[in-house]
Amino acid sequence: MPGDKSISHRALMFGALAVGRTRISGLLMGEDVKATAAAMGALGAVITFGADDVTVDGVGVGGLLAPEAALDMGNSGTSTRLLLGLLSSHPLTATFIGDASLSRRPMGRVITPLEEIGARFEASEGGRLPLTMTGSHTPVPIDYRLPVASAQVKSAVLLAGLNTPGRTRVRETAPTRDHSERMLRRFGAELSVKTDGAETLIDLIGEVDLKPQELDIPGDISSAAFPIIAALLVPGSEITIEGVGLNSTRTGLLDALRLMGADVAVSERDTGPSEEPQGDIRVRAGRLKGADIPAALAPRMIDEYPILMVAAALADGVTVMRGLEELRVKESDRLALMAKGLTACGAECELLSDGIAITGSGGAPLSGGAQIDADLDHRIAMSFAVLGLAASRPVVVDDASPIATSFPGFTELFETMGASSDHGQHENHSAEPA
18 MPGDKSISHR ALMFGALAVG RTRISGLLMG EDVKATAAAM GALGAVITFG ADDVTVDGVG
78 VGGLLAPEAA LDMGNSGTST RLLLGLLSSH PLTATFIGDA SLSRRPMGRV ITPLEEIGAR
138 FEASEGGRLP LTMTGSHTPV PIDYRLPVAS AQVKSAVLLA GLNTPGRTRV RETAPTRDHS
198 ERMLRRFGAE LSVKTDGAET LIDLIGEVDL KPQELDIPGD ISSAAFPIIA ALLVPGSEIT
258 IEGVGLNSTR TGLLDALRLM GADVAVSERD TGPSEEPQGD IRVRAGRLKG ADIPAALAPR
318 MIDEYPILMV AAALADGVTV MRGLEELRVK ESDRLALMAK GLTACGAECE LLSDGIAITG
378 SGGAPLSGGA QIDADLDHRI AMSFAVLGLA ASRPVVVDDA SPIATSFPGF TELFETMGAS
438 SDHGQHENHS AEPA
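Each residue of the sequence shown is one higher than the one before, counting from 18 in this note's numbering.
1. Should the segment 72-83 be called in touch with the segment 264-283, which here means at least 3 C-beta pairs below 8 Å?
2. Just the Cα atoms here: how many angstroms apart are residue 82 and residue 280?
3. Apart from the five residues just before and just after residue 315, which ones in its own chain have a Cβ nearer than 6 Å to its Cβ?
4. Roughly how many whole angstroms lie between the Cα atoms of residue 354 and residue 375?
5. I need the boundaries of the beta strand (DSSP E) containing residue 383, first residue and last residue.
6. Does the distance from the CB of residue 11 to the CB of residue 120 come in under 8 Å?
7. Spatial neighbours of residue 254 within its chain, please: CB distance less than 6 Å, with the 5 preceding and 5 following residues excluded, ordered by chain position.
8. For the beta strand (DSSP E) that contains residue 153, what are its first and last residues?
9. Would residue 150 pass as a contact of residue 166 if the rule is Cβ separation under 8 Å?
10. So residue 210 is in the beta strand (DSSP E); what residue range does that whole segment cover?
11. Once DSSP output is grouped into helix, strand and coil, what is the label at residue 121?
12. Helix, strand or coil, according to DSSP, for residue 234 in the structure here?
13. Quick check: the segment 323-333 against the segment 389-405, are at least 3 beta-carbon pairs closer than 8 Å?
14. Considering Cα atoms alone, identify which of 197, 177, 218 is closest to residue 188.
15. Under the assumption that residue 307 contacts residue 261 (Cβ atoms under 8 Å), give the Cβ distance between them as a whole number of angstroms.
16. Could you tell me whether the Cβ atoms of residue 236 and residue 19 are closer together than 8 Å?
17. Here's the rule I'm using: 16 or more other beta-carbon atoms within 10 Å means buried, otherwise exposed. How should residue 117 be labelled?
18. What is the rounded straight-line gap between the Cα of residue 278 and the Cα of residue 381?
19. Would you mind sorting residue 209 into buried or exposed? The rule is 16 or more other CB atoms within 10 Å of its CB.
20. Within its chain, find whatever has a CB closer than 8 Å to the CB of residue 110; leave out the 5 residues flanking it on each side and keep chain order.
21. How would you call residue 27, buried or exposed, if buried means at least 16 neighbouring beta carbons within 10 angstroms?
22. Could you work out which residue in 122, 161, 299 is closest to residue 350 when comparing CA atoms only?
23. What are the start and end residues of the beta strand (DSSP E) that includes residue 65?
24. Per DSSP, which one or two residues make a beta bridge with residue 366?
25. Starting from residue 222, trace the beta strand (DSSP E) both ways and give me its first and last residue.
26. Helix, strand or coil: which one does DSSP assign to residue 444?
27. Taking only runs that begin and end inside the segment 70-126, name each unbroken beta strand (DSSP E) of 3 or more residues, in chain order.
28. Could you name each continuous beta strand (DSSP E) segment of 3 residues or more that falls completely within the segment 277-337, going from the start of the chain to the end?
29. Reducing DSSP to helix, strand and coil, say where residue 396 ends up.
30. Which residue marks the beginning of the beta strand (DSSP E) containing residue 40, and which one marks its end?
31. In this structure, does DSSP put residue 178 in helix, strand or coil?
32. What do you reckon, is the C-beta of residue 183 under 7 Å from a heavy atom of the ligand FMN?
33. Going by beta-carbon coordinates alone, are residue 101 and residue 127 separated by less than 8 Å?
34. Excluding the five sequence neighbours on either side, which residues of its own chain have a C-beta within less than 8 Å of the C-beta of residue 85, listed in chain order?
35. Quick check on DSSP: helix, strand or coil for residue 412?
36. Please state the DSSP three-state secondary structure of residue 136.
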């Protein structure tokens with residue numbers, strides 16, 4: 018699999034904040050991560066892409082430079098929100114811009130705590146990009162309770178704390194991915210995690226001197242979700258995906274698939290307590306059954322719901338997924354787009370107030386034949402490409418180019434496993450039927 022996108026972003030950022038050279042192998046070379054690399058270069062770090070690895074010569078916490086031009090974050094919400102946190106405690110001004118999709122995404126959830134730290138913002142309507150932020154000359158540590166489960170907001174506050182004297186605390190009542198905490202400890206930050214009743218308290222002591230590291234990034238389980246589901250749906254399939262990240266805050270999809278009776282086996286590798294867990298995933302095709310997917314799984318698999326909906330559309334019985342409000346404010350309204358596209362492909366589904374109910378085909382191929390408007394969303398495009406493997410007629414994705422943001426080589430990989438795709442023109446759109 019391509020390198021984990023969430024970890025790749027953080028590796029570049031923390032490498033830029035360390036004094037010395039950080040060496041990274043397995044970095045995702047997708048467009049989102051390239052946007053992070055370009056931004057860190059504009060802020061003073063020196064990033065060199067080699068044949069086998071990437072090196073980052075960092076400037077140290079507090080040593081970032083004011084960028085000479087606007088930081089173009091492309092389609093990457095993670096880059097934007099984490100960098101807003103990182104720069105909020107540095108005395109500089111930076112303007113953030115992005116593509117049409119990113120410019121629709123609200124940034125208010127990170128602006129609120131960062132204003133408490135002392136940063137100032139001039140944002141477009143609704144707290145959106147383009148946005149200009151002026152970091153604080155005298156940042157103040159805060160004790161912040163997350164109003165909704167969000168690893169991006171948690172990370173933004175912790176990154177602000179790196180250049181803030183004193184203890185920055187984040188409180189969360191539901192677990193979210195902990196890549197920032199693991200990597201901050203790896204780079205030498207004084208960070209602790211403890212439980213207090215129903216809350217988890219994450220404390221960071223600033224100001225911090227980060228030490229350069231040698232990093233090996235595991236494969237992205239969010240990308241692995243697509244061949245996993247494809248192998249489950251195509252009769253006779255069996256695949257093993259090697260070296261995938263198995264962080265427990267990211268493996269909700271595997272739990273959901275077990276509820277649906279999927280034949281999925283995991284072999285974990287031996288890693289240290291502060292390292293990212295990883296291992297191999299073996300998948301065999303088989304009949305899936307409908308299930309109630311607990312809302313508590315949402316923080317651990319929020320990006321995997323679109324492809325899980327494809328699996329549900331071919332299962333036996335009804336699958337109900339709740340707690341999906343966050344899907345409304347991703348790169349697109351993923352909940353609405355999946356319901357529309359699944360219906361167009363012959364599936365039976367009903368939008369709920371906080372989720373979706375899908376009645377599966379019992380394993381029979383869906384009719385397919387639809388042209389899907391992916392709305393510049395890479396996960397929508399990949400989900401319907403996979404659905405095309407289990408449809409009677411080809412499924413056409415209107416624009417496959419956003420797939421490169423997270424999964425370069427997606428089409429080529431699927432072709433090596435036996436899929437058939439066609440890059441051509443269809444009704445004046447760049448199409449990728451699967």
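A virtual CB, placed ideally from N, CA and C, is assigned to each residue, including glycine. The structure displayed is predicted, hence computed values, not measured ones.
According to the structure shown:
1. Counting C-beta pairs with one atom in each stretch, the segment 72-83 and the segment 264-283 have fewer than three that are closer than 8 Å, which means they do not touch.
2. Roughly 51 Å between the two C-alpha positions.
3. If we look at residue 315 and ignore the five residues flanking it on each side, its Cβ neighbours are 340.
4. Each residue's alpha carbon lies about 14 Å from the other.
5. Residue 383 -> beta strand (DSSP E) spans 383-385.
6. Nothing can be reported for residue 11, as the shown portion of the chain is limited to 18 through 451.
7. The residues are 248, 302.
8. Unbroken run through residue 153: none, as it is neither H nor E.
9. Contact: no.
10. That run of the beta strand (DSSP E) goes 207-213.
11. Residue 121: helix per DSSP, three-state reduction.
12. Look at residue 234 here: in three-state DSSP terms it is coil, with no helix or strand label.
13. Counting Cβ pairs under 8 Å, three or more are found: they touch.
14. Among 197, 177, 218, the Cα nearest to that of residue 188 is on 218.
15. Between residue 307 and residue 261, the beta carbon gap of about 26 Å keeps them out of contact (Cβ cut-off 8 Å).
16. Against a cut-off of 8 Å, the Cβ pair of residue 19 and residue 236 comes out as a contact.
17. By the neighbour-count rule (16 or more Cβ atoms within 10 Å), residue 117 is not buried but exposed.
18. C-alpha separation (whole angstroms): 17 Å.
19. Exposed, because fewer than 16 other Cβ atoms sit within 10 Å of the Cβ of residue 209.
20. Only 83, 149, 150, 151, 152 meet the Cβ criterion.
21. It counts as buried.
22. Of all alpha-carbon atoms in 122, 161, 299, the one lying nearest the alpha-carbon of residue 350 is that of 122.
23. Counting along the chain, the beta strand (DSSP E) containing residue 65 begins and ends at 63-66.
24. In the DSSP output, where bridge partners are listed per residue, residue 366 has 375.
25. Taken as a continuous stretch (DSSP letters only), the beta strand (DSSP E) holding residue 222 covers 216-223.
26. With a pLDDT of 38 at residue 444, under the threshold of 50, the predicted position of this residue should be treated as unreliable, though the coordinate-derived value follows. The answer is coil: DSSP assigns residue 444 none of H, G, I, E or B.
27. Annotation: the segment 70-126 contains the following complete segments of the beta strand (DSSP E) (minimum length 3 residues), in chain order: 71-76, 110-114.
28. List check, beta strand (DSSP E) in window: 280-285, 295-301.
29. Looking at residue 396 - three-state DSSP - the assignment turns out to be helix.
30. For residue 40, the enclosing beta strand (DSSP E) begins and ends at 36-42.
31. Here residue 178 sits in helix by DSSP.
32. Although the ligand FMN was asked about, the structure shown includes no ligands whatsoever.
33. Yes, Cβ-Cβ distance for residue 101 and residue 127 is below 8 Å.
34. Closer than 8 Å at Cβ, skipping near neighbours: 59.
35. Of the three classes helix, strand and coil, the one that applies to residue 412 here is coil, per DSSP.
36. Looking at residue 136 - three-state DSSP - the assignment turns out to be coil, as it is neither helix nor strand.
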